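Numbering follows the working numbering, with no gaps: position 160 of the sequence shown is 238. C-beta atoms are modelled at their ideal positions from N, C-alpha and C, and glycine is treated no differently. All figures in this text were calculated on a predicted structure; none of them were measured in a lab.
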Amino acid sequence: MLAEIQERIINCVCCPRLVAHRQHVADQKVRRFRSESYWGRPVPSFGDPLARLLIIGLAPAAHGANRTGRAFTGDRSGDWLYEALHRYRFANQPGSSHRQDGLTPHDCFITQVIRCAPPDNRPDRQEIANCQSYLLDELRLLINVRVVIPLGRLAFDAYLRAYQQIGNTLPTPRPHFEHGKLTRLPTGHAFLPSYHPSQQNTQTGRLTRAMFHQVFAAARTLLDGNCGEGLGLTDRPRGCSTAPQRGAQSRNRGSRTRPSER
Numbered sequence: 079m080l081a082e083i084q085e086r087i088i089n090c091v092c093c094p095r096l097v098a099h100r101q102h103v104a105d106q107k108v109r110r111f112r113s114e115s116y117w118g119r120p121v122p123s124f125g126d127p128l129a130r131l132l133i134i135g136l137a138p139a140a141h142g143a144n145r146t147g148r149a150f151t152g153d154r155s156g157d158w159l160y161e162a163l164h165r166y167r168f169a170n171q172p173g174s175s176h177r178q179d180g181l182t183p184h185d186c187f188i189t190q191v192i193r194c195a196p197p198d199n200r201p202d203r204q205e206i207a208n209c210q211s212y213l214l215d216e217l218r219l220l221i222n223v224r225v226v227i228p229l230g231r232l233a234f235d236a237y238l239r240a241y242q243q244i245g246n247t248l249p250t251p252r253p254h255f256e257h258g259k260l261t262r263l264p265t266g267h268a269f270l271p272s273y274h275p276s277q278q279n280t281q282t283g284r285l286t287r288a289m290f291h292q293v294f295a296a297a298r299t300l301l302d303g304n305c306g307e308g309l310g311l312t313d314r315p316r317g318c319s320t321a322p323q324r325g326a327q328s329r330n331r332g333s334r335t336r337p338s339e340r
């Protein structure tokens, strides 16, 4: 069950460097949040277990989700994400400030590559590998997913690895990261990467609101059955079905299991 996976995530101590960093940040805090009690633990995924849209982020922000305990909550990346989700009917409100603020994702599930805030926002390869099992377990249970939006290159690569690890075959040539480039995977999933809405991207203009919203508008159009016509993206997939092939992701349910582009 997804709830059991999230409980395992919250109690994870696999990566000594991440454990030390998340606890140090929670103890030291920053002046503007001095009066708040930090979460200071791994941040679970959340959303609709029957979701057709899957969003994959990089990692909790040190003074965002590491403080609030919910992904993309209490930081500017979250401001961008939930504004877009609300605009395209994937969330009930356009902002997210704390775990009890009433935010409810609609037809959407939000996960991350790394579950603990990494130093300098840079997880190492072993830390990414340690967290990969959680993503695999989630994918095996999220059998209704139709559209996948990875936020940044690390999330893009993590999903493609997981896609193969649960028994699927990547298309040839292998997809490469490009903002807004829509790829139809062999299982039928629409794979739609975006730059991460980090301040490094949004403040430099690498990612504009129009660019970001275009991705979520495309996701909404795909899920509403448009097949990609008129999406304004850099590519359109062949074929019209928005549903993965029967058994493509669910067939494994019984299994046990550059900074500017993040």
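Check: Is the separation between the beta-carbon of L136 and that of L232 shorter than 8 Å?; Outcome: yes
Check: Give the DSSP bridge partners of F187, in chain order.; Outcome: G125 and L132
Check: Is there contact here, the region 128-143 with the region 172-192, by at least three beta-carbon pairs under 8 Å?; Outcome: yes
Check: At the level of alpha carbons, what is the spacing between G317 and D153?; Outcome: In this predicted model, G317 has a pLDDT of only 42, less than 50, meaning its place in the structure is not dependable; the value taken from the coordinates is given anyway. Rounded to whole angstroms, G317 to D153 spans 38 Å at the Cα level.
Check: Step through the CB atoms of chain C and report whether any lies within less than 8 Å of the CB of R287.; Outcome: The structure shown contains no chain C; it holds only a single protein chain.
Check: Only counting the same chain, and skipping five residues up and downstream in sequence, which positions put a Cβ closer than 7 Å to that of E307?; Outcome: Unreliable placement is indicated for E307, whose pLDDT of 46 sits below 50; no coordinate value is reported for it.
Check: So, is T151 buried or exposed, given that buried needs 16 or more other C-beta atoms within 10 angstroms?; Outcome: buried
Check: Output the distance between the C-alpha atoms of D235 and Q190, rounded to the nearest integer angstrom.; Outcome: 12 Å
Check: When DSSP labels each residue in this structure, what does A268 get in the three-state scheme?; Outcome: strand
Check: Considering just the uninterrupted stretch of the alpha helix (DSSP H) at I87, what are its terminal residues?; Outcome: L80 to I88
Check: Closer than 6 Å by C-beta to Y116: which residues in its own chain qualify, once you throw out the five before and the five after it? Chain order, please.; Outcome: A104 and R145
Check: Straight-line CA distance for T299 to S113?; Outcome: 43 Å
Check: Return the residue from the list R287, L301 and G303 that minimises the CA-CA distance to E161.; Outcome: R287
Check: Is V103 helix, strand or coil by DSSP?; Outcome: helix
Check: What residues in its chain sit with their C-beta under 7 Å from that of P360, if we drop five residues either side in the sequence?; Outcome: Within the shown structure, residues of the chain are numbered from 79 to 340, placing residue 360 beyond reach of any answer.
Check: I'd like the list of long-range same chain contacts for V108, defined as Cβ closer than 6 Å, with 5 residues on each side in sequence excluded.; Outcome: H141
Check: Kindly give me the distance between the Cβ atoms of A240 and L217, rounded to whole angstroms, as I take these residues to be in contact under 8 Å.; Outcome: 6 Å
Check: By how many angstroms is the C-alpha of L238 removed from the C-alpha of N350?; Outcome: Shown here, the chain extends from 79 to 340; a query on residue 350 therefore has no answer.
Check: Is it the case that the Cβ atoms of P249 and S155 are separated by a distance below 8 Å?; Outcome: no
Check: Of the residues P94, A98, G125 and I134, which one's Cα is nearest the Cα of L214?; Outcome: I134
Check: Under three-state DSSP, which class holds T286?; Outcome: coil
Check: Run through DSSP, which three-state label would V293 get?; Outcome: helix
Check: Would a C-beta distance cut-off of 8 Å place V223 and L270 closer than the cut-off?; Outcome: no
Check: Distance check for G258 and L285, CA to CA, integer angstroms please.; Outcome: 11 Å
Check: Buried or exposed, going by whether 16 or more other CB atoms sit within 10 Å of the CB of R200?; Outcome: exposed
Check: Can you tell me whether L309 is buried or exposed? The criterion is at least 16 other CB atoms within 10 Å of its CB, across all chains shown.; Outcome: Confidence at L309 is low in this model, with a pLDDT of 49, below 50, so its placement is unreliable and no value can be given for it.
Check: For the alpha helix (DSSP H) containing I206, name the first residue and the last one.; Outcome: R203 to L219
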